[in-house]
Every structure is written in structure tokens, then in C-alpha cells.
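Notes to accompany the following structure.
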Amino acid sequence: MEFLVEIIKPVLSLTVLAVVFGGILAWADKVFAVKKDPRVDEIIEVLPGANCGACGYAGCAAFAEAVAKGEAPVNGCPVGRQKVADEIAKIMGVSAACDDECLKARLVCQGSDDVAKTKMIYHGIDDCRAAVLLHGGDKTCPYGCLGLGTCVRVCPFDAISMGDNGLPVIDAGLCTGCNKCRDACPKGVIRMVPEGSAVLVACNSHDKGAAVVKACKVGCIACGKCVKVCPEDAIALVDNLAVIDPAKCTNCGACVEACPTKAIIRL
Amino acid sequence: MKTTFPGGIHPPYNKELTASKAIVEMPLPKRVRLLLQQHIGAPCKPLVKKGDVVTVGQKIADSDAFVSAPIIASVGGEVAAVDAEGIEIVTDPEHSRFTGQAPKYDTPEDIRQIIREAGIVGMGGAAFPTHVKLSPPEGKEVHTLIINGAECEPYLSTDHRVMVEQGEELIEGIKILLRACGAQKAIIGIEKNKPDAIENLSRLCRDEENIRVEAVPVVYPQGGERQLIKSLTGREVPVGGLPLDLGIVVQNVATAVAVHQAVNLGRPLIDRVVTVSGRGVAEPANVRVRLGTPIRDLIEFCGGMRDDAVKVVNGGPMMGKAVASLDDPVTKGTSGILVLTEAEVRIYEERTCIRCARCVDACPMRLMPNYLALYSRKSMYNDAEQIHLFNCIECGCCSFVCPARIPIVHYIQKAKHEINSKRRKK
């Protein structure tokens with residue numbers, strides 16, 4: 002009998018301990034429970050999962066959390082586009098309007114090597130952000146594309162390549178509108194333009210006409226012909242540069258015909 | 003031998019081109035262009051308009067900001083153009099003869115005001131407004147004034163010539179600077195490769211109790227203020243701090259002469275000595291030139307360019323910047339104009355870092371330039387800042403020694419610029 006008691010003692014004490022700790026765990030689970038929005042996991046499921054950061058958040062999970070909290074728009078994932086936006090909208094129980102979100106990056110400069118003059122020879126790092134530190138880059142035009150391909154390197158979707166003429170070429174089909182190239186460009190020659198726009202003022206120069214002519218053959222000289230010819234009153238001259246209001250523009254192309262320097266182009 | 007700062011390099015100095023040549027005065031240029039920003043700090047706003055007639059010494063642009071210095075007409079004549087960047091004056095010799103009167107002053111505050119109104123900035127190259135440097139903030143006292151005559155940049159010899167030829171004026175300037183900042187003693191630090199300057203100033207200081215001349219080792223960048231302080235006092239400026247934290251103010255020799263002329267003679271900063279050198283210019287010289295003179299005129303005065311000249315640099319070869327146009331003017335910070343030949347400008351292709359750490363050995367600020375460049379290239383600016391990006395003085399030692407020819411300083415400048423512009427946006 003002695004040995005039976007010796008066995009029962011530890012079994013009993015361990016059982017008591019197990020019950021006590023189990024109780025504590027059960028209590029802690031209730032009291033310290035982290036409330037997680039079940040929608041977060043659902044949203045992560047439908048996101049592309051590339052963690053590219055194009056939405057401005059640190060990866061897909063962070064974006065999903067922000068959407069669930071209501072901080073980010075349901076169509077905030079530029080990569081997933083409408084399809085993902087619709088699915089997220091379903092999870093969130095809202096509708097996914099995508100009016101102004103379908104933006105494409107466009108280069109608003111045509112100052113290729115053969116038409117834009119340079120003021121010096123640049124020897125330095127192959128990066129527009131470094132080149133701009135020395136006299137604003139080698140182009141005579143202070144607003145023009147420097148053509149060292151910083152946008153090409155920052156694009157997470159391989160939508161930009163360097164053309165033979167020293168200007169980047171943006172593939173609108175691959176562009177997801179993530180804004181990375183626009184933010185990286187020190188000259189601001191990449192603008193986000195609505196996908197439907199078919200005409201573009203492909204110049205960024207705010208200089209007066211005389212200075213533009215000296216620097217580049219295809220610059221906007223702010224002559225105002227496009228303003229006059231536009232039947233919809235969609236064009237205005239802002240700080241020596243023609244600006245098209247996409248809301249009014251009907252893509253008729255009258256301005257493309259009228260522009261004497263071919264600074265307005267049809268896409 | 004006294005210890006000096008860590009790191010540093012010994013570039014070919016090439017000072018023999020101009021070091022023994024006396025300062026020559028350049029005749030008045032036909033027109034000058036005075037930039038509105040010739041200094042660190044806020045740019046000035048023009049006080050004149052096109053068509054106005056100005057006389058030499060007249061204040062033509064000023065700013066309300068504390069860290070700024072007014073722009074003084076360096077010649078008299080008619081204002082030909084005023085744009086966003088500068089003011090152009092067509093010279094009229096009638097209005098260009100300077101007839102000033104010495105201003106009256108009592109307190110250090112008066113002196114600082116005179117220095118400000120004279121448009122004086124640090125003339126070693128950085129162009130930091132002098133009156134700001136002389137105004138220690140509340141609770142900080144200045145005990146030592148260091149006069150920077152190291153002139154460690156290759157080619158340049160302006161400070162050298164000023165010390166040899168204008169020693170008396172320099173000493174007068176130092177006395178005023180001592181009063182203005184309240185320091186008890188002044189040390190003139192000169193690199194050992196200028197024995198004539200050391201001898202001249204030692205002779206002049208023989209009877210001055212609180213001014214002494216000290217020779218410092220020849221190593222670039224001895225003329226950096228932090229480096230010179232370490233060499234002369236053995237003390238180090240704290241990370242992120244200023245020489246003022248040690249009770250020290252550093253001023254360039256040319257600045258001290260300008261202060262003497264402004265305070266004792268009433269003559270504002272209208273000219274400066276510029277070394278025109280390099281093997282691409284016909285007759286290298288030390289030229290006293292009116293501010294705003296086009297670089298083209300200055301080079302013409304020195305016999306023009308040789309056929310094999312390929313690059314013109316504003317400043318020294320280590321820290322100067324290439325000029326994009328010969329129409330750019332001489333500014334308050336222009337210590338030299340170098341016309342370089344192909345043999346002097348070697349352009350290499352950038353290779354991959356081989357992790358030899360020569361840049362780490364050479365860095366006088368004890369940074370890790372290899373990592374700073376790497377982080378900058380990868381746009382990892384936070385990491386760059388953590389390893390003290392902003393402590394870099396951009397002296398160029400790292401780029402100079404790099405066997406992979408990586409333009410490290412350019413990478414560092416890019417990172418600093420990107421971080422600063424992001425901060426401004428916020």
C-alpha cells in the first residue's frame with residue numbers, strides 16, 4: 002500500500018497544478034484577448050501579396066489593417082486594381098468607386114538628346130537625384146528630364162525603360178499608378194494622368210517663351226494658341242505652361258494640331 | 003610634434019604655380035553680376051530696381067533673417083537687370099571710387115552690426131555669415147579665437163598671399179574680432195608649407211600678448227575648422243555640435259582682413275583675392291577682384307585659357323564645384339578659379355567597392371564613408387543618418403583615396419539633399 006500512496010501523491014499534486022494553471026490561462030485568454038478584426042485576414046487573402054509598398058503602407062498586411070480601420074481607401078492597392086478593389090469593397094460592405102484612382106504615370110517632357118540643349122558635360126553618379134545637385138543637371142532647360150533613369154530603377158513593376166533618345170518610356174499597360182517614379186523624380190517631369198486622357202501637354206517648363214526656345218525645340222512657349230482653339234475651354238495657361246483640365250477635355254485633338262512647337266501630343 | 007586630427011590625405015599641392023606671386027589688382031570689370039545668395043542662410047531680397055544708379059559700397063539687397071548677409075554693390079553704375087537670382091550692374095568708373103568713413107563703435111554689438119552691414123561672410127569658402135559666428139548664444143562664452151590660415155586645398159594661395167602681404171591689416175582685424183566675440187586669446191594656425199607667412203606673422207605678433215602663431219602639420223583637410231581646432235587645442239568638437247560648444251570661434255584670415263577694412267576704414271566687402279590657377283590658364287595669378295566679376299573676364303585677365311583646358315572649377319580641387327558657364331560671377335566664397343587640363347582632371351568609371359576601408363582610414367571625421375555611399379545608393383537614408391551622415395564635412399578625402407573610384411562625396415551629398423528636401427516637404 003505504501004507505494005500506491007507514493008504514486009497517488011504526485012499525480013494528485015500535478016493534477017491540482019494543471020487545473021490551477023489551466024484556470025489562469027482561461028482567465029488570461031478572456032481578459033487579455035486582442036480584438037482582431039476578422040476582415041483583416043480576409044483582405045490579406047484577396048491582396049496580391051507582393052508587399053511592394055505601392056499603397057504607401059509597409060506591405061499588404063499593414064494595408065489590410067489600415068483598410069479595416071477605415072484609414073486607407075478600399076481601392077488603395079494600385080496593383081490589384083479594380084478586381085481587388087471590388088473584393089475588398091465586398092468584405093468592407095462598401096462600393097469601390099474608382100473614378101480618380103485609375104491614374105497612369107506620364108512623362109511630361111520631350112527634351113530628348115537631339116532636341117534639348119545641354120549647358121555642360123556631367124560626370125558623376127548615374128542618378129538624377131545626384132545630378133540635380135550640380136547646377137540643376139546638364140540640361141539647359143531647368144525643368145527638363147535629366148534622363149539618368151532614376152524612375153526606371155525605382156519602378157517596382159518594370160513599367161519604365163530607358164529609350165534610345167535619352168528619355169524614359171513608360172508602358173501604360175504595366176503602370177499601376179503607384180507614384181513611386183513621380184516621387185523619385187527630382188524634376189517633377191512625371192505626372193499622374195487619368196487613364197482615359199488621350200492628349201497631354203508634354204512639357205514641364207515654366208520659363209517664358211524666349212527662354213524655352215533657347216533651351217529646347219519642343220517646349221511649351223505659352224503662346225496660348227491651344228487655349229484659343231479648344232472648343233471646351235479645357236486649357237488654361239498657368240505660370241507659362243498650358244494645363245489641360247481632364248474633366249472638361251473631350252480628347253478632340255484640336256490643341257495637338259494647333260501647337261506650334263508640338264509640345265502637346267496625342268497618346 | 004603636436005598631434006593632429008585622425009585620417010587626412012596628402013594630395014599633390016600644386017601651390018608653386020601661384021604661391022610666390024604677389025597679389026595683383028584687376029581693373030574694374032565692364033559689368034558685374036551679384037548673386038542674391040552668396041552665403042549660407044536666407045537669400046537676400048533686392049533693394050534696387052532696373053535703371054537705378056548705385057554707388058560702390060551701397061547696400062543693394064538684404065534679408066530680415068538672422069542667418070544672412072546683405073549684398074553690397076561692388077562697383078557703381080546703372081542697374082541693368084534684377085532677376086530671381088542676382089542683380090547686374092553696368093560699371094561706371096565715376097561711381098566706383100570708394101570714399102568711405104570709418105564708423106564709430108563702442109560695444110561688441112556695434113562691431114557685429116558693422117560687420118553685418120558690410121556683408122562679410124566666411125571667406126574660406128563656406129561663406130557662413132561672420133556676424134552670426136561672432137554672436138555666441140546665451141550662456142556660452144568664447145575664450146579662444148582661431149584664425150584659419152591653414153589653406154589646405156591644393157592650388158589655392160589666396161590666404162597665403164594675404165598673410166604675407168597684409169599681415170598688419172590681419173592683426174588689426176584679429177584685434178577687432180577678439181573684441182567682437184569676447185575671446186581672450188587668438189591663435190593663428192598656419193600649415194608648415196608656408197614658412198614666409200609664418201615668419202611674417204610671428205614677427206608682427208612679437209609684441210602682441212594675446213595673439214600667437216602656430217605652425218600645424220601639412221595634411222588635408224587641416225583647414226577644416228574641426229580639424230584645425232583638434233590640431234591646435236587637442237580638443238574635439240562634439241558630434242552634432244559647433245566649435246562654440248568648446249568656447250572657440252574660427253575665422254579665416256581673409257575674413258579678418260575684411261573685418262579690419264569694414265570696422266577701421268568703413269570699407270564694406272566689395273572685393274576679394276582669388277587664386278586663378280591650374281595648368282589650363284596662361285598666367286596663373288593671385289588677383290584682387292571685385293565681387294560679381296564674370297569668371298570669363300577673370301580668366302581673360304590672367305592671359306586666357308590654353309587650348310588643352312577642359313574644366314573650370316570654382317574653389318579648390320577637393321571641395322570646389324565645376325562651373326557650368328563662364329558667365330557665372332565671382333562670389334564672396336570664391337577662393338579660387340581653377341582652369342584644369344585633361345591631365346589634371348582624370349575621369350574614371352565607377353567600380354564596385356572592394357571593402358578595402360581606405361576611405362575609413364582617410365576620413366578626418368572618423369566616419370564610414372563606404373557605408374554612407376552604399377546606403378545613399380540604395381536610398382536607405384535612415385541607416386545613413388544613423389551612422390552620422392550629417393557629420394560629414396564633404397572634404398573629399400574618401401573619394402580621393404578610393405581605388406574603386408566611387409564618387410563617395412557625391413553619394414553623401416545626394417543623401418543629405420534627399421533627407422533635407424523630404425523634411426522640408428513635411
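Same order as they appear, the protein sequences are chains R and V. Under my numbering, the first residue of the first sequence is numbered 2, with each subsequent residue one higher. Under my numbering, the first residue of the second sequence is numbered 3, with each subsequent residue one higher. C-beta atoms are modelled at their ideal positions from N, C-alpha and C, and glycine is treated no differently.
- V/Q224 has a beta carbon lying at 7 Å or more from every beta carbon in chain R.
- Between the region 221-234 of chain V and the region 384-398 of chain V there are three or more inter-stretch CB-CB distances shorter than 8 Å, so the stretches are counted as touching.
- In this chain, the beta strand (DSSP E) harbouring V/I89 covers 88-93.
- A straight line joining the alpha-carbon of V/L374 with that of V/K323 spans about 21 Å.
- Beta bridge pairing from DSSP links V/D209 with no other residue.
- By the rule that beta-carbons nearer than 7 Å mark a contact, R/R183 does not touch chain V.
- Neighbourhood of V/I349 in chain R, by CB distance below 8 Å: H124, in chain order.
- In this model, V/P409 and R/E72 are separated by some 42 Å (Cα to Cα).
- In the structure shown, V/C358 falls within a coil segment according to DSSP collapsed to helix, strand and coil.
- Three or more Cβ pairs closer than 8 Å define a contact, and the region 242-260 of chain R meets that threshold against the region 218-233 of chain R.
- What R/A131 touches in chain V, judged by beta-carbon distance under 9 Å, is S378, P409, H412, Y413, Q415, K416, H419, going in chain order.
- With a threshold of 7 Å between beta carbons, V/A326 makes contact with chain R.
- Ranked by Cα distance from V/A44, the first of V/P72, V/K32, V/M382, V/M28 is V/P72.
- The bridge partners DSSP lists for V/Y222 are V/I11.
- Under the 7 Å criterion on CB atoms, R/K229 is classed as non-interfacial with respect to chain V.
- When C-beta distances to chain V are compared with 7 Å, every residue of the region 236-260 of chain R stays at or above that value.
- Counting only the Cα atoms, V/V314 lies some 42 Å from V/E143.
- By the rule that beta-carbons nearer than 7 Å mark a contact, R/K188 does not touch chain V.
- When the five nearest sequence neighbours on each side are left out, the beta carbons in the same chain lying within less than 6 Å of the beta carbon of V/V252 are those of I148, N150, E227, P245, in order along the chain.
- A direct Cα-Cα distance of roughly 58 Å separates V/I231 from R/A69.
- Fewer than three Cβ pairs drawn from the region 73-84 of chain V and the region 298-315 of chain V lie within less than 8 Å of each other, which leaves the two stretches out of contact.
- With 16 or more other CB atoms across the displayed protein chains lying within 10 angstroms of its CB, V/T132 is buried.
- One finds nothing in chain V with a Cβ atom closer than 9 Å to the Cβ of R/H207; even the nearest lies about 12 Å away.
- A Cβ of chain V is located within less than 7 Å of the beta carbon of R/M121.
- Of V/A182, V/L340, V/V278, the smallest CA-CA separation from V/H262 is found for V/A182.
- When DSSP reads this structure, V/V55 sits in a beta bridge with V/E80.
- In the three-state scheme derived from DSSP, where H, G and I count as helix and E and B as strand, R/C256 is classed as helix.
- Rounded to whole angstroms, V/R163 and V/M307 show a C-alpha spacing of 23 Å.
- Closest in alpha carbon position to R/E46, among R/V21, R/G23, R/G81, is R/G81.
- Using a Cβ-Cβ distance cut-off of 8 Å, the region 49-60 of chain V and the region 179-198 of chain V are not in contact, since fewer than three pairs of beta carbons, one from each stretch, lie closer than that value.
- Against chain V, the CB of R/L201 has no partner CB under 7 Å away; the residue lies outside that interface.
- With respect to the C-alpha of V/L376, the residue from V/L248, V/K187, V/K424, V/L391 having the closest C-alpha is V/L391.
- A distance below 7 Å separates the beta carbons of V/A311 and V/T343.
- Considering only beta carbons, the part of the region 147-178 of chain R lying closer than 9 Å to chain V consists of V155, in chain order.
- Residues V80, G81 of the same chain have their beta carbon placed closer than 6 Å to that of R/P49, with the five preceding and five following residues left out of the count.
- What V/K323 touches in chain R, judged by beta-carbon distance under 7 Å, is L135, going in chain order.
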